[in-house]
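K.L.:
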Amino acid sequence: MNRAFSCLLKSVLVATLAMSGLASANEHGAAAPAKADAAKGGTLYDSGDAARGIPACASCHGAAGNSTIAANPKLAGLPEAYVYKQLMDFATPARANPVMSTYAKALSEDEKKNLAAYLSAQTAKPGAAKNKDIVDLGKKIYRGGIAANGVAACASCHGANGHGIPALFPRLAGQHQDYTVAQLQSFKASNAATPPAGARKNSVQMQTLAKRMTEDEMKAVADYIAGLK
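Numbering (the working numbering), first residue to last: 1 to 229.
#1: Buried or exposed: R52, going by 16 or more other Cβ atoms within 10 Å of its Cβ?
#2: Beta-carbon within less than 8 Å of G198's beta-carbon, same chain only, minus the 5 sequence neighbours each way: which residues are those?
#3: Straight-line CA distance for K85 to A153?
#4: Taking 8 Å as the threshold, find out whether the stretch 72–92 comes into contact with the stretch 164–171 through three or more Cβ pairs.
#5: In chain order, what residues of the same chain have a beta carbon less than 7 Å from the beta carbon of N191, not counting five sequence neighbours either side?
#6: According to the Cβ coordinates, are Q175 and P73 closer than 8 Å?
#7: Leaving out five residues on either side along the sequence, give the residues of the same chain with a beta carbon under 7 Å from the beta carbon of G162.
#8: Going by the DSSP bridge assignment, what does F169 pair with across the sheet?
#9: When the Cα atoms are used, what is the spatial distance from D216 to A58?
#10: Are the CB atoms of K188 and I134 nearer to each other than 8 Å?
#11: Quick check on DSSP: helix, strand or coil for D37?
#12: May I ask you to verify whether the stretch 110–122 touches the stretch 140–159, counting CB pairs closer than 8 Å and requiring at least 3?
#13: By Cβ distance, which residues of its chain are closer than 7 Å to L44, with the 5 residues on each side in sequence left out?
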């Protein structure tokens with residue numbers, strides 16, 4: 001099946017299930033979920049909640065979600081539903097993280113939604129490729145995949161410019177190279193018979209693709225992604 005069509009089909013399926021769930025709730029007279037409050041999300045992002053030991057997200061992820069620390073991801077412009085899902089996943093074994101899991105468990109569901117709404121409305125600052133010797137390989141992988149190893153083109157799900165598909169696939173454009181490589185390695189590690197603590201297990205698709213990539217290939221595609229705008 002064509003990879004792009006597969007992603008589109010997955011998108012339609014998710015939308016259909018979402019509408020089905022909404023109809024079911026309405027039929028039973030359930031109250032509509034509260035709309036996320038981006039303003040409250042912004043306040044929590046900038047200031048945290050000292051009383052509950054929750055630091056300002058900005059201290060690690062930068063003003064308006066534009067991290068300047070290579071190990072910490074840029075969050076600005078990520079799809080709202082995607083950010084919310086990751087915050088929910090951090091509170092489970094699927095994406096255990098010594099830092100984020102602690103804070104995700106402390107946040108209420110509404111706070112997660114508010115943070116997601118705030119971050120999705122922010123403008124991501126561009127990054128840049130650093131290694132001209134590997135960026136061409138990264139471009140080939142991102143646009144065409146690695147057919148010999150069954151690795152799909154990243155663009156088939158994350159878009160030609162790395163802007164992603166809301167709710168399904170995150171924006172990648174401009175992301176720090178170090179962070180992207182770390183995530184690909186974490187997805188790959190989850191395939192081990194005994195996955196190491198913190199191995200990322202919240203995307204079967206990415207776990208499968210990362211398993212088929214070498215570290216050099218990961219570094220090359222991460223560098224190309226950093227330069228996408």
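Every residue gets a Cβ at the ideal spot worked out from N, C-alpha and C, and that includes glycine.
Only a predicted model underlies this, so the values are computations on that prediction, with no experimental measurement involved.
P.N.:
So, to answer that:
#1: When all chains shown are included, R52 counts as exposed.
#2: Annotation for G198: A96, N97, P98 and S186 place their beta carbon closer than 8 Å to its own, counting only its chain and skipping 5 residues before and after.
#3: Distance between the alpha carbons of K85 and A153: 24 Å.
#4: With the cut-off at 8 Å, the stretch 72–92 and the stretch 164–171 touch.
#5: Listed in chain order, the non-local C-beta contacts of N191 below 7 Å within the same chain comprise Q207 and K211, local neighbours out to five positions each way being set aside.
#6: Contact: yes.
#7: Closer than 7 Å at the Cβ level, and outside the excluded window around G162, lie R171, L172, A173, I225 and L228.
#8: The partner list for F169 (beta bridge, DSSP) reads I165.
#9: Straight-line spacing of the CA atoms in D216 and A58 works out to 31 Å.
#10: Not in contact: K188 and I134 (Cβ atoms no closer than 8 Å).
#11: Of the three classes helix, strand and coil, the one that applies to D37 here is coil, per DSSP.
#12: Because the criterion of three Cβ pairs below 8 Å is not met, the stretch 110–122 and the stretch 140–159 do not touch.
#13: Taking C-beta separations shorter than 7 Å and ignoring five residues to either side along the sequence, the partners of L44 in its chain run E111, N114 and L115, following chain order.
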